[in-house]
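Going by my numbering, the first residue of the sequence shown is number 1333, and it counts up by one from there.
Ideal placement from N, C-alpha and C gives every residue a C-beta, glycine not left out.
The next block holds one structure in the form of structure tokens; read it before the comments.
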Amino acid sequence: QRALQRQLFDGGFAGISYPAEYGGRGLSVRHERAFNEEARRFVVPDLGVAGHVTMGPIGRSIVAHGSPEMKARHIPAILSGDEVWCQFYSEPEAGSDLAGIRTRATRDGERWILNGSKIWSSGAHLADWAMCLARTDWTVPKHRGLTWFAVPTGAPGVTVRQIHQINGNAEFCEEFLDD
1333 QRALQRQLFD
1343 GGFAGISYPA
1353 EYGGRGLSVR
1363 HERAFNEEAR
1373 RFVVPDLGVA
1383 GHVTMGPIGR
1393 SIVAHGSPEM
1403 KARHIPAILS
1413 GDEVWCQFYS
1423 EPEAGSDLAG
1433 IRTRATRDGE
1443 RWILNGSKIW
1453 SSGAHLADWA
1463 MCLARTDWTV
1473 PKHRGLTWFA
1483 VPTGAPGVTV
1493 RQIHQINGNA
1503 EFCEEFLDD
């Protein structure tokens, strides 16, 4: 599927509404919708739920809020299929209540050290990177004090385990962040 995504990218049909300077076409969302409508009749890349969040909320968040360096590094890789991302948001004690996040990030010089666990991350076992929410400020109200981090899923201290469900599906994962 990644090879197929690369073909789509090389042909100029990936990221139609993403900025041209980062590998997209710089066209409107209407253009992208029209392409997607027409492409339904053809074999197109299917990177699963992780692919959906990669091209949707994660890629769009990086375009909207990432530094120019982050955009230049990750957006072309996302559009070409070289990077698949997932979300490290939900936690065992908090579920999807982001105000209840306990995963912490502590500053250590120029780096951040993350500790905690995440759960129900769709497609994390196939992802290269995760958009991870962690608490960086414990002195403010719970809905504040959160920072998102780009975490390589293969980094030392990151453990990703598939959750095998009763129906045989294993798309959801749990993750442990240890230093």
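| Query | Result |
| --- | --- |
| Cβ-Cβ separation, V1416 to E1503 (assumed contact under 8 Å), whole Å | Actually they are not in contact, since the Cβ atoms of E1503 and V1416 sit about 13 Å apart, beyond 8 Å. |
| Assigned exposure category for A1401 - 16 Cβ within 10 Å defines buried | The residue you asked about is not Ala; residue 1401 is Glu in the sequence shown. It counts as exposed. |
| DSSP three-state assignment for K1403, whether helix, strand or coil | helix |
| 9 Å Cβ cutoff met for Q1337 and P1377 | yes |
| Three-state secondary structure assigned by DSSP to E1423 | strand |
| Range covered by the beta strand (DSSP E) that runs through V1490 | V1490 to Q1494 |
| Distance, G1391 Cα to H1397 Cα | 10 Å |
| Cβ contact check for the region 1436-1448 and the region 1458-1472: 3 or more pairs under 8 Å | yes |
| C-beta atoms of E1506 and S1453 nearer than 9 Å | yes |
| Close beta carbons around G1477, own chain, < 7 Å, minus the five adjacent residues each side | R1467, T1468, D1469 and W1470 |
| contact_flag[the region 1344-1352, the region 1402-1414] where n(CB pairs < 8 Å) is 3 or more | yes |
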